[in-house]
Amino acid sequence: MIKLSGKDPGSFAGDLLVYFIFETDKKTIPCPNETVRRNLKVSWKNGDFTGRKGQSFLFYPSTTENKLAAARVMVVGLGRKEEKQDDCREQIRLAAGTAVGRAGDFKVKTLMAVLPEKTGLADDDLAECMCEGLILANYRFDKYKTVDKDEDRAGRVARFILQSGDFDRAAVRRGMRRGTRGAEAGCLARDMANEPGNSWIPSRFAEFARKLGRKSGMSCRVIDRAGMKKLGMGGILAVNQGSDLPPKLVILKYRGTKKGPTLMLVGKGLTFDSGGISLKPAAGMEDMKYDMCGGAAVICAMQAIAEEKPGGINVVALIPATENLSGGSAIKPGDIITHFGGKTSEVINTDAEGRLILADALAYGIKTYKPDAVVDLATLTGAVIVGLGHHRTGLLATDDALVKKIIRAGDRAGEPLWRLPLGPEYSKQIESRVADIKNIGGKGGGTITAAAYLQEFVGDTPWAHLDIAGTAWNFTEKSYIPKGPSGIAVRTLLHLVRNWK
Ligand code: BES
Ligand code: MN
Ligand code: ZN
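Quick note: to get the numbering used here, add 31 to the position in the sequence shown (first position is 1).
Right, here's the structure in full:
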């Protein structure tokens, strides 16, 4: 939790007091605090510290005749003033991340951040982004480290205080709550992803959802193997055949309105993807514990939504969860399966399993909940990394209005997306000689043919698919994004629901 303080920053007696400064051509240092300006003067004059993005300047007020009670004071560069709102937002998150990164080097436990003035943001947005940056950058996953003697390892800040200055305190509080909620949900998604495949198994999604349902009042339903058989969910059952752990289809429902629209979210919850009989190469296979990041994004977004309680929209979330292993009963290349709803599919490659489990969830969810729009998220294809690298999520959709909403939400969250096309040429690539469709599309357009497969199951419902294989881990380098899982799309989904209208 982050606290708010209206007290003079000079009286903060903690480990680190942080000021944020814009890069400017003016001679005077754009900082309201006289002591800070005095200490920064030489560095500023020499052009060492200019307020550039990523820069920081540290001094120890006790060693000079200063009126600051903090053990250390840091000045962090924001860079040039940005024009666009979304860029202003990102600028704050990045600077907050820089401060926390350096704080870790000094084993800082208490940190006060003084909110900068004239950022171009409303007070609530400023506080929101500051909290996001602080919390997301302060993330560590060390629960499996039994010895914590590594002197070099960066520590975690235990307590943050925001200094609200002349800002509207009610607005700042509102923004803090928003930012904290989104960032904590993002960190939770990182935790789930960091858990190894022998811990975060399909039943963990079910347990988490049940608890969340009880806590938040959302209704929760879990369809198990027997239920799947009854319903004819041949995709998820087929993928599960090679695993000894039972599959789960986890469903959570948030009700924010009696009459309003329903948004359906679907997240791929593949807790480990070995490729199955079409086995993946050994090198890097350990990363396939992250193949549940779509499911994590959806379930963590639901937690944040349940806390925030936005009105005017209902959200139903489905997470199909299973492992993809190569046990004796595993599906084989050439097998033909029948999805929920009756469509048949020839499994050419058992490693193209994500689309098989998503197909059932999409078809079942649309039939059961009749949503007005559907968004699915999945670490679906390596091809999206070839196309977009680790910097943008791939977006494929049948509805331009939905695309617009999602891109706007992603930009607000600092999680950019890039749209790729769909079309009959691509759908043709997945025609099968012996079944309705086949599960790979041959050479070229791998991300698109994967989406074309999903498209077979969404009918006329406005639908968008987010391929997060490139962004769910090793996401583009940022001060507030650690190595490993990024928690991608949690905050994008939260913005999407918040601003649905
Ligand atoms: N989970 C993988 C996609 C993936 C690959 C994510 C690399 C992150 C990094 C997915 O199930 C998969 O294996 N896709 C195959 C599809 C292919 C067999 C058509 C792929 O992308 O190689
Ligand atoms: Mn796979
Ligand atoms: Zn996979």
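Just so it is clear, CB atoms sit at the ideal spot from N, CA and C, and this is done for glycine as well.
Asked: Residue range of the unbroken beta strand (DSSP E) whose run includes R450; Found: L448 to R450
Asked: Segment limits, alpha helix (DSSP H) that includes V23; Found: It is not possible to answer for residue 23, since the shown part of the chain is limited to 32 through 532.
Asked: Nonlocal neighbours in the same chain, by C-beta distance under 7 Å from A168, ignoring five residues either side; Found: A127, G128, V131, G132, S510 and Y511
Asked: beta-carbon D382 near the ligand MN non-hydrogen atom, thresh 7 Å; Found: yes
Asked: Beta-carbon contacts of T492 that lie in its chain and below 6 Å, excluding the five residues immediately before and after; Found: I397 and V405
Asked: N-terminal and C-terminal residue of the beta strand (DSSP E) that C251 is part of; Found: S250 to I254
Asked: Own chain, CB closer than 8 Å to D403, minus 5 neighbours either side, in chain order; Found: P292, T293, L294, T492 and P493
Asked: Whole-number beta carbon distance between A390 and L349, since they are thought to touch under 8 Å; Found: Not confirmed; about 12 Å, so no contact.
Asked: Buried or exposed by the 16-neighbour rule on C-beta atoms within 10 Å, applied to K289; Found: exposed
Asked: Residue-chain proximity (W231, chain D), Cβ-Cβ < 8 Å; Found: Absence of chain D from the displayed structure is noted, only one protein chain being present.
Asked: Candidates G515, N530 and A520, of which the one nearest D173 by Cα; Found: G515
Asked: Reference S360, options I308, T81 and I379, closest by Cα; Found: I308
Asked: Three-state secondary structure assigned by DSSP to F75; Found: As written in the sequence, residue 75 is Trp, which differs from the Phe given in the question. W75: helix per DSSP, three-state reduction.
Asked: S360 in three-state terms, based on DSSP; Found: coil
Asked: Heavy atom of the ligand ZN within 7 Å of T410 beta-carbon; Found: yes
Asked: Which residues DSSP lists as bridging D407, in chain order; Found: V297 and H496
Asked: Whole-number beta carbon distance between G325 and I60, since they are thought to touch under 8 Å; Found: With a Cβ gap of about 46 Å, I60 and G325 do not count as contacting.
Asked: Sheet register partners of D304 (DSSP bridge); Found: N355
Asked: Cβ neighbour criterion (16 or more within 10 Å) applied to G441; Found: buried
Asked: Nonlocal neighbours in the same chain, by C-beta distance under 7 Å from D275, ignoring five residues either side; Found: G358
Asked: S274 (DSSP reduced to helix, strand or coil); Found: coil
Asked: DSSP three-state assignment for P516, whether helix, strand or coil; Found: strand
Asked: N-terminal and C-terminal residue of the alpha helix (DSSP H) that V131 is part of; Found: Q116 to D136
Asked: Neighbourhood of Q137 by C-beta distance below 6 Å, restricted to the same chain and skipping five residues each side; Found: This sequence places Phe at residue 137; Gln is not what is there. Cβ within range, chain order: n/a, list empty.
Asked: Given L525 as reference, the closest of A409, L387 and A328 once Cα atoms are compared; Found: A328
Asked: Inter-stretch contact (C-beta, 8 Å, three-pair minimum) for the region 259-270 and the region 369-389; Found: yes
Asked: Alpha-carbon to alpha-carbon, C218 and Y91; Found: 32 Å
Asked: Which of helix, strand or coil DSSP assigns to Q486; Found: helix
Asked: Of the residues A335, Q116, T66 and D156, the one placed nearest M105, counting alpha carbons only; Found: T66
Asked: Distance cut-off 7 Å: I437 Cβ against heavy atoms of the ligand BES; Found: no
Asked: Separation of E113 from I438, as counted between CA atoms; Found: 20 Å
Asked: Proximity test, A482 beta-carbon vs the ligand BES heavy atom, cut-off 7 Å; Found: no
Asked: Beta-carbon spacing of R423, V434 below 8 Å; Found: no
Asked: Contact test: D304 Cβ vs the ligand MN heavy atom, cutoff 7 Å; Found: yes
Asked: Sequence-distant residues of the same chain with beta carbon closer than 6 Å to L125, five excluded per side; Found: S510
Asked: For Y395, the three-state DSSP class (helix, strand or coil); Found: helix
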